[in-house]
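So for the sequence shown, this note's numbering puts the first residue at 19; every next one is plus one.
Just so you know, even glycine gets a beta-carbon here, dropped at the ideal spot from N, CA and C.
Everything on this sheet refers to the single structure shown next.
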Amino acid sequence: MITKRTSRLLLFPMTFLVFSCGKNLPPPINVVPQDQVYYSDESRLTEVTEMVIRNEATWRQMWDQLTGGQSDPPAVDFNSRMLLMVNGGRMDPGDRIQIDRLEHRGEELVVMYRVIESSGALESDVFPVQVVAVRRRAGQARFEVQRVRAPRFR
19 MITKRTSRLL
29 LFPMTFLVFS
39 CGKNLPPPIN
49 VVPQDQVYYS
59 DESRLTEVTE
69 MVIRNEATWR
79 QMWDQLTGGQ
89 SDPPAVDFNS
99 RMLLMVNGGR
109 MDPGDRIQID
119 RLEHRGEELV
129 VMYRVIESSG
139 ALESDVFPVQ
149 VVAVRRRAGQ
159 ARFEVQRVRA
169 PRFR
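Here's what the structure looks like:
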């Protein structure tokens, strides 16, 4: 049976716990779905590029830089969608880039991608690029890169 003294002893820690919970917590993380629009190892861009594309004019300009203007860019409804582009720059054959996860962290969109490095045994260069479409939103985007080695198979 709980006495008055016991309930007072329990009241302080419980009150402290209730009022301290929820303070200084990081913003909730919401994973964002993505649709791949384009991937190639033959980008014409030679520098690492991370970019949010929010309109048709910018998309056409970037497409021409990526492909040399040899074709029309894939259609995108920029009223409801925006594009995220990661260009790996000069890399070794077998290396690739991969957008793994998109998260809303508070008001910010975080684009997490990997640069996956192979053994680099071949003597040429590749220029990988990936473009994905996501639901359009205002605010900033931050790109986070992780470099990893590809597993070796025998």
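In the DSSP assignment, Ala75 falls within the unbroken alpha helix (DSSP H) covering Glu74 to Thr85. Counting along the chain, Thr67 sits inside the beta strand (DSSP E) bounded by residues Val66 to Ile71. In the structure shown, Asn97 falls within a coil segment according to DSSP collapsed to helix, strand and coil. Distances from the CA of Ser142 to each of Glu65, Met109 and Asn73 were compared; the closest alpha carbon is that of Met109.
For the pair Ala156 and Leu102, the Cα-to-Cα distance works out to about 13 angstroms. In this chain, Leu63 is not harboured by any beta strand (DSSP E), its DSSP state being neither H nor E.
In the structure shown, the three-state DSSP call for Gln158 is coil.
Going by beta carbons, Arg99 and Ala151 fall inside the 7 angstroms limit. Judged by DSSP in its simplified three-state form, Ser142 adopts coil rather than helix or strand.
In this structure the stretch 122-131 does not lie against the stretch 79-89, because fewer than three pairs of beta carbons, one per stretch, are closer than 8 angstroms.
The C-alpha of Ala75 lies about 13 angstroms from the C-alpha of Gln83. The Cβ-Cβ distance between Gln54 and Leu120 does not fall below 7 angstroms.
Apart from sequence neighbours up to five positions away, the residues of its chain that approach Trp77 with a beta-carbon distance below 7 angstroms are Ile71, Pro91, Val94 and Leu101, ordered along the chain. Val104 and Gly124 have their C-alpha atoms spaced approximately 22 angstroms apart.
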